[in-house]
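Using this note's numbering, the letters of the sequence shown correspond one by one to residues 2 to 446.
Down below is the structure, laid out as structure tokens.
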Amino acid sequence: LNLEGTASVADLVTRIAAEVPGKAPGALIYGRGWIETGWPEGRMPMAADLDAVAPVNPVILVRADGHALVANSAALAAAGVTDTTADPDGGRIERGADGHATGMLIDNAMSLVAPLMETPDAAAKAHALETGAAVYVSRGWTGVHNMSVGPDEAPIMAALAGEGKLPLRLWNAFEPDGFDLAAKHEYETPTITNRAIKLYMDGALGSRGAQLIEPYSDRPETSGLSLITDEDLADYMRRADAAGIQIAIHAIGDLANRRILDVYEAGGYGKNKRWRIEHAQIIAPSDIPRVGALGLIASMQPSHAIGDLHFAPARLGLDRLAGAYAWKSLLDSGAVVAGGSDAPVEVGSPLIEFYAAVARKDLKGFSGEGWHPEQALSRDEALALFTSAAAYATFRENDLGTIAPGKLADFTVFDTDLMTVPEADILKAKAVMTVVGGSIVYAAD
Numbered sequence: 002l003n004l005e006g007t008a009s010v011a012d013l014v015t016r017i018a019a020e021v022p023g024k025a026p027g028a029l030i031y032g033r034g035w036i037e038t039g040w041p042e043g044r045m046p047m048a049a050d051l052d053a054v055a056p057v058n059p060v061i062l063v064r065a066d067g068h069a070l071v072a073n074s075a076a077l078a079a080a081g082v083t084d085t086t087a088d089p090d091g092g093r094i095e096r097g098a099d100g101h102a103t104g105m106l107i108d109n110a111m112s113l114v115a116p117l118m119e120t121p122d123a124a125a126k127a128h129a130l131e132t133g134a135a136v137y138v139s140r141g142w143t144g145v146h147n148m149s150v151g152p153d154e155a156p157i158m159a160a161l162a163g164e165g166k167l168p169l170r171l172w173n174a175f176e177p178d179g180f181d182l183a184a185k186h187e188y189e190t191p192t193i194t195n196r197a198i199k200l201y202m203d204g205a206l207g208s209r210g211a212q213l214i215e216p217y218s219d220r221p222e223t224s225g226l227s228l229i230t231d232e233d234l235a236d237y238m239r240r241a242d243a244a245g246i247q248i249a250i251h252a253i254g255d256l257a258n259r260r261i262l263d264v265y266e267a268g269g270y271g272k273n274k275r276w277r278i279e280h281a282q283i284i285a286p287s288d289i290p291r292v293g294a295l296g297l298i299a300s301m302q303p304s305h306a307i308g309d310l311h312f313a314p315a316r317l318g319l320d321r322l323a324g325a326y327a328w329k330s331l332l333d334s335g336a337v338v339a340g341g342s343d344a345p346v347e348v349g350s351p352l353i354e355f356y357a358a359v360a361r362k363d364l365k366g367f368s369g370e371g372w373h374p375e376q377a378l379s380r381d382e383a384l385a386l387f388t389s390a391a392a393y394a395t396f397r398e399n400d401l402g403t404i405a406p407g408k409l410a411d412f413t414v415f416d417t418d419l420m421t422v423p424e425a426d427i428l429k430a431k432a433v434m435t436v437v438g439g440s441i442v443y444a445a446d
């Protein structure tokens with residue numbers, strides 16, 4: 002069930018109520034895509050909300066960022082989650098003032114209900130990949146840096162690419178159980194690169210799983226979650242270094258980012274690994290120069306800044322915003338900043354990402370107090386995030402990222418000159434043609 006665009010807790014409940022009549026008693030209702038930012042209730046959904054319309058069917062609804070979910074009482078009971086269930090390492094069972102579980106499960110606590118969820122078969126995954134690729138080329142993307150890939154998905158992608166059904170380039174970062182596959186570059190094709198693994202330091206800011214140096218301003222009893230120990234991170238780095246594997250590490254909070262810098266520096270890996278910090282969202286100002294000095298890549302998604310604009314000040318307080326979404330400071334300090342979208346957490350539009358990078362305002366043109374407009378980028382800087390820097394982040398700068406003789410012809414044509422139109426008009430542009438390897442893979446009607 003696609004829950005994108007859900008406008009309130011009441012709207013969420015209405016959508017679930019509409020699903021119940023078509024489900025057998027006890028059958029799971031699963032959805033993803035809700036995010037409570039801007040909801041009039043000003044809170045996360047709870048089991049009690051869902052119980053009112055689905056008392057028998059287990060309901061599991063994953064937040065858009067994939068770092069939290071809400072489960073109803075039937076789902077919690079089926080999974081054996083009670084008020085006395087201990088929080089797992091790297092996870093949190095949200096509890097009310099009365100000590101009762103609210104139904105919100107954060108990060109690794111989501112695994113408690115995972116056995117209730119069905120795993121898509123190969124045919125379903127192939128259909129999703131083919132459908133998604135068509136959507137993204139229609140938006141103007143020529144390639145995707147694909148995160149948290151299951152190793153079972155690699156042969157599916159290779160087969161689709163061989164059949165001409167994946168019309169864009171893929172750089173895959175596998176879950177840790179795909180380490181050997183990445184080391185051997187298995188299932189690669191002319192358009193698919195399998196050389197990386199994805200790790201997670203912490204959770205997300207919205208669900209207060211991002212690991213902070215100091216407590217959350219709006220919930221001082223927590224500083225977020227650690228999803229991996231420094232010892233395990235150091236072990237992955239040693240193994241990846243020996244195997245020639247690239248690492249992409251999710252880090253949102255300032256402590257999570259600092260821990261990466263500390264472990265990498267202690268390992269003495271030099272400046273040429275091109276290991277990536279995915280998001281690099283909140284960094285202590287004193288740590289910003291370390292990113293470039295160590296040769297790490299800040300892989301960032303400008304839309305996070307405009308999506309988080311309406312709750313980040315409450316989570317962080319105004320002082321910590323100085324190191325939040327700090328694209329300009331990172332660039333000026335010598336770091337490589339590669340741009341992306343983090344779809345499906347965000348919409349996945351290159352136009353929104355470009356606009357966010359240069360405007361640093363939400364889609365209505367609003368920018369809040371302490372939002373540091375000096376961190377906005379020039380259009381040339383923003384363009385480089387999604388072209389030359391993204392190519393560098395995949396070791397493809399000799400083939401991709403700029404239009405030059407001898408390079409692969411990957412480019413997008415828009416109906417508007419994004420480099421000169423008024424800022425707000427960037428969002429009105431449309432992709433009219435997407436070209437990958439010299440072949441037109443999308444043309445507007």
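C-beta: ideal position from N, C-alpha, C; glycine also.
No experiment lies behind these values; they were computed from the predicted model shown.
Check                                                                                                                                                  : Outcome
Measure the CB-CB distance between His146 and Lys199 and report whether it falls below 8 Å.                                                            : no
If Val437 and Asp416 are in contact, beta carbons under 8 Å, what's the gap, nearest whole angstrom?                                                   : That belief does not hold up - the Cβ atoms of Val437 and Asp416 are roughly 19 Å apart, past 8 Å.
Quick one: is Phe355 buried, meaning 16 or more other Cβ sit within 10 Å of its Cβ, or exposed?                                                        : buried
Please report how far the alpha carbon of Tyr443 lies from the alpha carbon of Phe412, in whole angstroms.                                             : 11 Å
Which runs of the alpha helix (DSSP H) spanning at least 4 residues fall entirely within the region 363-427, listed in chain order?                    : 380-387, 389-393
Can the beta-carbon of Met47 be found closer than 8 Å to that of Thr83?                                                                                : no
Touching or not, the region 157-177 and the region 134-141, by the rule of three or more beta carbon pairs under 8 Å?                                  : yes
Going by C-alpha to C-alpha distance, which of Ile353, Tyr201, Ile284, Lys329 sits closest to Leu322?                                                  : Ile284
Just mark Met202 as buried or exposed, buried being the case when its beta carbon has 16 or more other beta carbons within 10 Å.                       : buried
Can you look up Gly27 in the DSSP assignment and give me helix, strand or coil?                                                                        : coil
Kindly indicate which three-state DSSP category Arg485 falls into: helix, strand or coil?                                                              : Here the chain comprises residues numbered 2 to 446, so residue 485 is not present and cannot be evaluated.
Mind checking Tyr44: buried by the 16 CB within 10 Å criterion, or exposed?                                                                            : Note on identity: in this sequence residue 44 is Arg, with Tyr being the wrong assignment. Answer is exposed; the Cβ neighbour count stays below 16.
Just verifying my parser: in three-state terms, what is the DSSP assignment at Thr132?                                                                 : helix
Could you tell me the boundaries of the beta strand (DSSP E) in which Tyr188 lies?                                                                     : Segment: none, Tyr188 is in no beta strand (DSSP E) and carries neither H nor E.
Check Lys126 in the structure and name its three-state DSSP category.                                                                                  : helix
Distance check for Pro156 and Gly163, CA to CA, integer angstroms please.                                                                              : 10 Å
With respect to the alpha helix (DSSP H) encompassing His305, which residues constitute its N-terminal and C-terminal limits?                          : 304-309
With a CB to CB cut of under 7 Å and the five nearest residues on each side skipped, what residues in its chain are close to His373?                   : Leu322, Ala323
By the 10 Å Cβ neighbour count, where 16 or more other Cβ atoms means buried, how is Thr421 classified, buried or exposed?                             : exposed
Could you spell out the range, first to last residue, of the beta strand (DSSP E) harbouring Met1?                                                     : Here the chain covers residues 2 to 446 and nothing more, so residue 1 does not appear.
From the DSSP output, read off the bridge partner residues of Glu279.                                                                                  : His251, Ser300
According to DSSP, simplified to helix, strand and coil, what is Phe355?                                                                               : helix
Taking only three categories from DSSP, how would you classify Gly163?                                                                                 : helix
I want to know whether the region 322-340 touches the region 290-299 - three or more CB-CB distances under 8 Å.                                        : yes
Is it right to say Ser304 is buried, meaning 16 or more other beta carbons lie within 10 angstroms of its own, or is it exposed?                       : buried
Let me know the secondary structure DSSP gives Ala53 once reduced to three states.                                                                     : coil
To test your reading of the DSSP string, which unbroken beta strand (DSSP E) runs of 3 or more residues are found completely within the region 60-144? : 60-64, 69-72, 92-96, 102-108
Just curious, the alpha helix (DSSP H) that Val14 is in, first and last residue?                                                                       : 10-20
Relative to the C-alpha of Phe367, which residue among Trp35, Pro121, Ala306 is closest?                                                               : Ala306
Should the region 96-115 be called in touch with the region 389-407, which here means at least 3 C-beta pairs below 8 Å?                               : no
For Thr388 and Asn195, I'd like the C-alpha separation in whole angstroms.                                                                             : 20 Å
Among the candidates Arg16, Val337, Ile248, whose CA atom is the shortest distance from the CA of Ala392?                                              : Val337
Taking all protein chains shown into account, decide if His280 is buried (16 or more other Cβ within 10 angstroms of its Cβ) or exposed.               : buried
Assign Val442 to one of three DSSP states: helix, strand, or coil.                                                                                     : strand
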